[in-house]
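Position one of the sequence shown corresponds to residue 0 (numbering that gives the first Met the number 0), numbered consecutively onward. For each residue, glycine too, the CB sits at the ideal point set by N, CA and C. Quick notes on the structure that follows.
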Amino acid sequence: MFHQPPGVGWLEVICGSMFSGKSEELIRRLRRAQIARQHVQSFKPEIDDRYGTTHIVSHSAAAIEAEVAPSSGALLERVRPETQVVGIDEAQFFDAGIVQVAHTLADRGVRVIVAGLDQDYQGRPFDPIPALLATAEHITKTMAVCTRCGAPANRSQRLVENADRVVVGGAGAYEARCRRCWSPRPAAAS
């Protein structure tokens with residue numbers, strides 16, 4: 000996708016709604032880096048244990064090995080000196096320090112690929128993704144398919160009653176919806 004000159008780092012952000020292929024795109028890019036014989040490390044937040052703790056897994060079951068990090072600081076400490084590419088999934092679940100960690104790694108010459116939700120279930124910007132988007136060299140916005148009408152979807156419709164901003168879940172808790180079919184309130188499954 001992008002040619003990385005030796006010693007030059009940058010930040011790539013993959014964002015979108017639930018079920019839009021963010022993790023799958025992250026895995027694809029990390030696999031390509033592995034094929035190119037680059038030293039790759041992948042990380043996911045401790046809170047995301049939907050598909051286990053040793054892999055980043057997409058909703059379509061694509062997977063790649065990953066380390067669990069309880070915080071952005073712990074993630075930074077675990078990056079090995081020889082690492083050339085760092086993948087970070089579900090970045091919205093990390094603390095605000097993930098922005099500085101991404102830039103610290105990029106400044107060291109590491110290619111940093113971050114995936115995460117750009118909006119929460121109420122359609123509000125989901126921090127820290129906006130700060131990563133504003134400072135990234137490369138941005139990919141993925142789209143899902145609306146489960147109601149089939150239109151391109153960029154919103155995550157929560158299906159369960161819960162006022163917490165963070166509710167980790169999959170197909171039983173969320174659906175992809177377009178602007179017209181989405182509601183900021185939890186809705187019944189279609």
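L158 sits in coil when the DSSP states are folded into three classes, being neither helix nor strand. Two segments are said to touch when three or more pairs of C-beta atoms, one from each, lie closer than 8 Å; by this definition the stretch 149-156 does not touch the stretch 26-35. Our two residues, A143 and L104, have alpha carbons roughly 30 Å apart in a direct line. Scanning the stretch 85-127 for uninterrupted alpha helix (DSSP H) segments of 4 residues or longer gives 97-106, listed from N- to C-terminal end.
The C-beta distance from R27 to I112 rounds to 10 Å, too long to meet the 8 Å contact threshold. About 13 Å separates the CB atoms of S16 and A172; that is not less than 8 Å, and the two are not in contact. For K21, DSSP assigns no beta-bridge partner whatsoever. Straight through space, the alpha carbons of G115 and G20 are spaced by roughly 10 Å.
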